[in-house]
Amino acid sequence: MKRFIMFVLMLALGVSAWALDGENPASAFYENSRIGLTDATSLGMGGAGIGLSRSSGNLQNPAGYAFSYGVDAFGGMGLFMKELNTDLDLYKNMYFGVTFPLMDWFTANVTVSRTSLLLPYVATNAIDESDPDDCIIDMAALSLTRKVNMGGFDLAFAFTGKYIMPSLEEEYQSSSAPDTYVDSAMGGDVSLLAVVPVNESGSSFNMGLTLTDVIAPMDVTMGINAGLGLKMEHQLMGLASFSLGADYLMNHANSTALHVGAEEWFLNKKIALRAGYLQNTFYKDGAALYEGALTDPLYDGEGQITAGLGFRFSGFEVNAGYALAGEYTGSSMAFSLAYTGEKTMASAYKIPPVVRIMAESEWLSPNGDGIKDQVRILAESKDNEIIRSWTLSLTDEGGKEVRRFKGKKSLPPFMTWDGKDNKGAVVPDGTYAAVMTVKDRYGNKGSSNKAFVAVRSKTLEVTLNVMPDKLIPGEGLTFTVTPHENVDVAKTQIVVTKGTETIHEIIYEGHKDRFEWSGILADGTYPEKGDSLNIFARLTDRAGNTGESLIVTVPVEATQLVEPPISQEMPPIPAMLLMARLRFEENAYTLTAAQKEELDKIISTLVSYPQSTVRVEGHTDNVGARSVNEKLSRDRAEMVKKYLVAGGIDSARIVSVAYGPDMPVDTNKTAKGRANNRRVDVIMLSR
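Quick note on numbering: the sequence shown equals residues 1 to 687 in the working numbering.
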């Protein structure tokens with residue numbers, strides 16, 4: 001699919017570079033005929049159609065066929081209503097087309113048309129003996145269209161290949177280019193249509209673009225059609241839809257068209273009224289083909305006011321458009337008949353609409369604390385254009401429905417559930433399943449996948465055990481954290497306070513029932529003897545509920561000596577002493593000059609305590625793959641060990657271990673916390 005999109009864009013940008021003005025002066029008639037091929041709906045709106053997402057008979061922008069479902073058939077013709085001479089009282093165009101799905105990937109359209117050359121009013125009056133009725137362009141076109149959901153809007157694109165068979169009476173051919181206008185040729189167009197929803201009722205803002213003759217027949221200039229559209233769904237004697245459209249076509253510098261119009265479908269979209277304005281400017285150099293027969297030069301035409309009607313019944317749509325007299329073409333009228341494919345879709349194309357839902361969060365805690373009190377259930381469907389009603393049902397573990405949402409027309413982007421049932425009461429804790437069912441305009445029904453939401457609003461209960469019941473810094477404490485229920489714990493915290501000050505905190509993402517603390521603070525100091533430490537555990541579950549244990553009070557019984565007293569004998573060392581905490585940048589494991597200076601001091605201390613051993617612990621934050629973090633923590637620990645060995649410490653005294661992200665000392669949710677966790681702890685142990 002990406003290759004196809006790139007192909008279309010490259011075709012539009014690259015091939016158009018050589019679609020320049022041709023040498024054949026007769027090509028001016030073909031270029032002007034591109035303005036004349038207008039369907040009845042567009043004519044009623046002043047010719048506007050580039051920015052409208054009509055699925056049937058949109059000759060101006062074939063990308064609109066991507067919004068068709070099933071098989072559509074349409075046809076129409078345009079008539080000169082003002083008699084210019086006895087021979088020119090016939091159609092200026094007629095067309096017939098069929099739109100159908102192709103292999104579930106594309107929507108295809110085949111259209112054949114015949115367009116009379118737009119001989120200006122002054123020219124046809126000047127050549128009474130000729131038969132302008134035979135100056136025609138026959139064309140057969142195949143369009144392949146595809147609609148892609150781009151997240152916030154739908155983008156439809158189309159490539160149209162066409163076979164063009166021009167015919168021009170001998171009297172109108174230029175002696176400078178004899179017979180050149182009779183040859184058939186191949187051509188190609190590229191079309192785009194973006195439909196941007198503006199609300200949940202189906203209203204949209206549209207942008208369209210058609211590049212005509214990107215692949216240029218007869219060396220004609222590429223035509224550029226750009227248009228904007230606004231569609232507003234509302235109520236007017238039932239369901240109604242109001243559309244505005246504005247197009248600008250540029251054949252080349254001397255041949256342009258401006259189309260502006262409005263349309264209102266009302267009475268449950270059974271009747272339409274249209275009004276518009278158009279102004280066409282034809283190619284002045286086309287006068288050369290008349291061999292001097294013109295008595296007046298060709299010049300810019302006057303604008304024309306247009307009006308139109310539309311009717312829908314039993315899957316059919318009938319349209320009529322009328323344009324008041326213009327300088328070149330006189331008054332004109334167009335008629336069209338379309339079969340929208342609804343009956344075909346209902347009988348032969350029993351395709352259930354596809355819908356998918358997803359809970360934005362798997363957890364919901366409707367307890368009013370502001371944390372996950374609501375959950376949004378997202379919905380999307382590639383068939384959103386034809387969905388006419390939908391229902392979202394939430395059921396408990398026993399299959400009983402507790403909450404229902406429903407609506408008409410297209411799907412909303414999401415539904416918000418606050419954890420309450422249909423009567424407004426908060427539902428019990430448990431797991432709930434959401435399923436959406438939809439019904440399209442053809443009566444087909446479809447169901448979504450199941451989306452699950454776990455509801456939990458209870459406060460967590462937790463018990464903390466601390467061993468031993470007193471703290472001797474260096475010997476440490478062991479914490480055991482036990483939740484009272486089987487809950488999905490998102491975070492475990494152990495908080496140590498002295499008075500109102502938090503002096504140490506362990507934060508673990510997830511749940512682990514056992515933690516150890518050496519009793520040494522982050523700055524390397526110890527609590528004072530006689531201090532009383534208050535310790536509690538806090539658990540947070542996936543739904544955002546928290547619970548704290550009872551406070552456990554632990555006295556500090558003794559303080560280990562940090563500096564040896566003045567004595568001939570070295571003092572005993574603690575059972576475990578954190579000598580250094582070296583922090584690292586992201587993905588780094590090499591030692592800085594400051595870290596080496598700190599390790600030199602440790603080497604001096606270890607020399608003074610030859611019976612001691614060293615434990616080197618490597619740690620990381622939790623960013624990135626676990627395997628990468630485990631290797632990085634091992635590299636950090638090994639780098640420190642190698643430096644100590646190089647400083648004269650026996651490698652047998654050193655043990656290096658790698659914990660990866662498993663032993664954080666701070667939160668991994670902030671940059672500062674992650675920086676604290678990227679570390680190597682150097683711990684001296686007594687034998």
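Glycine included, C-beta positions come from ideal geometry on N, C-alpha and C.
Using only CA atoms, which one of T340, S331 and R538 lies nearest to G547?
If we check each option's Cα against that of G547, R538 comes out closest.
Could you tell me if G660 is buried or exposed, where buried requires 16 or more neighbouring beta carbons within 10 angstroms of its beta carbon?
Counting C-beta atoms within 10 angstroms of its own C-beta, G660 has 16 or more neighbours from the protein chains shown and is therefore classed as buried.
Which residues mark the beginning and the end of the alpha helix (DSSP H) in which G310 is found?
Following the DSSP letters along the chain, one finds G310 in no alpha helix (DSSP H) but inside the beta strand (DSSP E) bounded by residues Q304 to F313.
Separation of V616 from N622, as counted between CA atoms:
Spanning the two alpha carbons is a distance of roughly 20 Å.
One question on the structure: do T210 and S184 come within less than 8 Å of each other, judged by their Cβ atoms?
S184 sits away from T210, with the two beta carbons spaced by 8 Å or more.
With a threshold of 16 other CB atoms inside 10 Å of the CB of F67, please say whether the residue is buried or exposed.
Counting Cβ neighbours within 10 Å, F67 comes out buried, since at least 16 surround it.
Per DSSP, H504 is paired with what?
Bridge partners of H504: V496.
Does the stretch 49-61 come into contact with the stretch 238-249, if we say contact requires no fewer than three beta-carbon pairs (one atom in each stretch) closer than 8 Å?
At 8 Å Cβ cutoff, the stretches touch.
Span of the beta strand (DSSP E) around M139
Taken as a continuous stretch (DSSP letters only), the beta strand (DSSP E) holding M139 covers I136 to N149.
Looking at the ligand SAH, does it come within less than 7 Å of T497, judged from the CB to the closest heavy atom?
Inclusion of the ligand SAH in the displayed structure is not the case, the ligand content being empty and no account of it being possible.
Between the CA atoms of A594 and I649 - distance to the nearest angstrom
Note on geometry: alpha-carbon atoms of I649 and A594 lie some 20 Å from one another.
Taking the continuous beta strand (DSSP E) assigned at K596, which residues delimit it?
In this chain, K596 is not harboured by any beta strand (DSSP E); it is covered by the alpha helix (DSSP H) spanning A593 to S608.
Have a look at T684 and E360 and give me their C-alpha separation to the nearest angstrom.
Note that residue 684 is Met in the sequence shown, not Thr. Straight-line measurement puts the Cα of E360 at about 49 Å from the Cα of M684.
Locate the beta strand (DSSP E) running through R376, then write down its first and last residues.
Bounds of the beta strand (DSSP E) holding R376 are V375 to E380.
Secondary structure of L59, DSSP reduced to three states
Reduced to three states, the DSSP call for L59 is coil.
Could you please give me the residues that DSSP links to D154 through a beta bridge?
Answer by DSSP bridge pairing, in chain order: N149 and V195.
Test: R581 CB closer than 8 Å to a CB of chain B:
Although the question refers to chain B, the structure presented lacks it and comprises just one protein chain.
Whole-number beta carbon distance between P413 and I386, since they are thought to touch under 8 Å:
Wrong, their Cβ atoms sit about 17 Å apart, outside the cutoff.
Cut-off 7 Å between Cβ atoms - residues of its own chain near T395, not counting five sequence neighbours on either side
So the list reads E401, V402, Y432 and A433, once near-sequence residues are dropped.
Measure the alpha-carbon distance for G202 versus S389 and round it to whole angstroms.
Approximately 12 Å, taken between the alpha carbons.
Between T306 and G46, is the Cβ-Cβ spacing less than 8 Å?
Contact: yes.
Tell me where the beta strand (DSSP E) around R679 begins and ends.
Unbroken beta strand (DSSP E) run through R679: R679 to L685.
Candidates K445, Y609 and A646: which alpha carbon is nearest L599's?
For L599, the closest alpha carbon among the candidates K445, Y609 and A646 is that of A646.
Within 10 angstroms of the Cβ of R636, are there 16 or more other Cβ atoms? Answer buried if so, exposed if not.
Under the 10 Å beta carbon count, R636 is surrounded by 16 or more other beta carbons and is classified as buried.
If you draw a straight line from the alpha carbon of T41 to that of L249, how long is it in whole angstroms?
Roughly 17 Å separates the two Cα atoms.
With distance defined between alpha-carbon atoms, name the residue in T281, K445 and K269 nearest to L258.
It is T281.
Considering only C-alpha positions, which residue in the set P166, I551, A454 and R626 is nearest to I136?
The shortest C-alpha separation from I136 is found at P166.
Proximity to K269 [Cα-Cα], best of Q304, Y277, F316 and G303
If we check each option's Cα against that of K269, F316 comes out closest.
Measure the C-alpha to C-alpha separation of D523 and I654 and round it to an integer number of angstroms.
Rounded to whole angstroms, D523 to I654 spans 23 Å at the Cα level.
With a threshold of 8 Å, are at least 3 pairs of Cβ atoms found where one atom belongs to the stretch 416-429 and the other to the stretch 463-471?
Flag = no, the stretch 416-429 and the stretch 463-471 do not touch.
Among N444, T115 and L533, which one has its Cα closest to the Cα of E505?
Measuring from the Cα of E505, the nearest candidate turns out to be L533.
Mind checking which residues open and close the beta strand (DSSP E) that includes K439?
Residues G430 to D440.
Please determine, among K92, N677 and A658, the residue with the shortest C-alpha to C-alpha distance to R508.
One detail in the question is off: residue 508 reads as Tyr in this sequence, not Arg. Proximity to Y508 across K92, N677 and A658 peaks at N677, based on C-alpha coordinates.
In whole angstroms, give me the CA-to-CA distance for G697 and V195.
This structure leaves residue 697 out entirely; the chain is present only between 1 and 687.
Quick check: the Cα distance between K529 and N465, rounded to an integer number of angstroms?
Distance between K529 and N465, taken at the CA atoms: about 22 Å.
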